[in-house]
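In the numbering used here, the protein residues as written are 13 to 303.
Every residue, glycine too, gets a C-beta built ideally from N, C-alpha and C.
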Ligand code: NCD
């Protein structure tokens with residue numbers, strides 16, 4: 013599925029075996045010294061970010077550098093020809109003639125797939141508006157897999173802005189490939205889009221005691237206010253009491269006020285480890301795609 017020269021824009025075409033094969037390979041990257049610098053045949057990777065990013069852009073930058081590659085970072089698009097009204101397609105045509113791979117974050121859904129049509133080099137989707145965030149999903153799955161040793165048989169409760177959260181949109185498609193029970197928790201205005209909803213998903217406006225007690229993975233997201241979303245919810249002391257001892261709490265970050273910092277020292281808080289797993293996953297991806 014992912015091979016040398018391929019784009020990675022969506023998880024919708026992946027099978028269970030593809031994912032399991034990826035997670036095992038990520039493990040081999042994780043087992044090495046992640047920060048070992050191996051100078052090899054250098055490639056140039058463009059980090060083209062039209063939206064803010066801390067973790068995704070810097071982990072791609074670090075992964076590329078530790079693999080011995082160089083990175084051209086374009087994150088102040090107001091200083092590029094985009095400010096003159098250049099289309100995404102023309103920017104991609106230009107960059108793809110200079111670099112070996114483009115990591116793209118863009119505010120419009122479908123931008124990565126549009127880019128892959130005109131690009132002569134692989135495009136990696138680092139978030140396309142409310143669309144997908146497939147590389148985040150690989151690190152989310154890896155975090156779950158590392159903790160439980162499996163994905164099958166788990167109950168995953170997705171809580172927050174399920175409508176606009178692209179991490180949710182990619183994750184739900186990948187979890188659907190496994191025997192995973194999915195609970196959707198959040199305000200009715202922020203429900204999962206219909207195209208992703210499957211029979212058997214349980215919907216609730218709050219994390220009830222019963223839902224919490226049967227959850228293995230609580231995956232929280234923030235309200236995407238920059239996309240016009242509104243809503244209020246937060247993880248509570250009662251939620252912490254109700255979640256089982258071997259459960260984990262994840263969050264793609266940034267968090268705002270939905271996940272309070274008093275929970276950070278709880279052994280079930282996995283979001284910082286989740287974030288650091290981004291390095292192994294992105295090293296794997298660049299290695300696989302650049303060869
Ligand atoms: C997420 C994103 O950009 O979609 N952040 C990330 O990449 N870790 C989540 C978010 O912005 O809420």
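| query | result |
| --- | --- |
| Could you tell me if the beta carbon of residue 116 falls within a distance shorter than 6 Å of some heavy atom in the ligand NCD? | no |
| So what does DSSP say about residue 253, is it helix, strand or coil? | helix |
| Just the Cα atoms here: how many angstroms apart are residue 79 and residue 44? | 12 Å |
| When every heavy atom of the ligand NCD is checked, does at least one fall within less than 6 Å of the C-beta of residue 126? | no |
| What are the boundary residues of the alpha helix (DSSP H) that includes residue 104? | 100 to 108 |
| Roughly how many angstroms lie between the CA atoms of residue 38 and residue 66, to the nearest whole one? | 21 Å |
| Look at residue 21 and residue 195 and say whether their C-beta atoms are less than 7 Å apart. | no |
| From residue 175 to residue 51, what distance separates their C-alpha atoms? | 43 Å |
| Assuming contact is defined by CB atoms lying nearer than 7 Å, are residue 131 and residue 230 in contact in what I supplied? | no |
| Go to residue 168, then tell me how far its beta strand (DSSP E) extends in each direction, as first and last residue. | 167 to 171 |
| So, with DSSP's three-state summary, where would you put residue 27? | coil |
| Identify, in the order they occur along the chain, each residue of the same chain with its Cβ nearer than 7 Å to the Cβ of residue 205, setting aside the five sequence neighbours on each side. | 175 |
| Is residue 139 near the ligand NCD, going by C-beta to nearest heavy atom under 6 Å? | yes |
| Compute the Euclidean distance between the alpha carbons of residue 166 and residue 116, then round it to the nearest angstrom. | 32 Å |
| Please list, in chain order, all residues of the same chain as residue 200 whose beta carbon is under 8 Å from its beta carbon, the five residues on each side excluded. | 217 |
| Compare the Cα-Cα distances from residue 18 to each of 128, 27, 187 and 53 and report the closest residue. | 128 |
| Could you spell out where the alpha helix (DSSP H) holding residue 140 opens and where it closes? | Unbroken run through residue 140 is the beta strand (DSSP E), 135 to 140; no alpha helix (DSSP H). |
| Spatial neighbours of residue 83 within its chain, please: C-beta separation below 7 Å, excluding the five flanking residues on both sides. | 57, 59, 73, 76 and 77 |
| In angstroms with no decimal places, state the Cα-to-Cα distance between residue 297 and residue 97. | 32 Å |
| Given a cut-off of 7 Å on the beta-carbon distance, is the pair residue 55 and residue 302 in contact? | yes |
| So the candidates are 236, 294 and 223; which of them puts its Cα closest to the Cα of residue 64? | 236 |
| Express the C-alpha separation of residue 300 and residue 46 in angstroms, rounding to a whole number. | 16 Å |
| In the DSSP output, what is residue 118 paired with across the bridge? | 140 |
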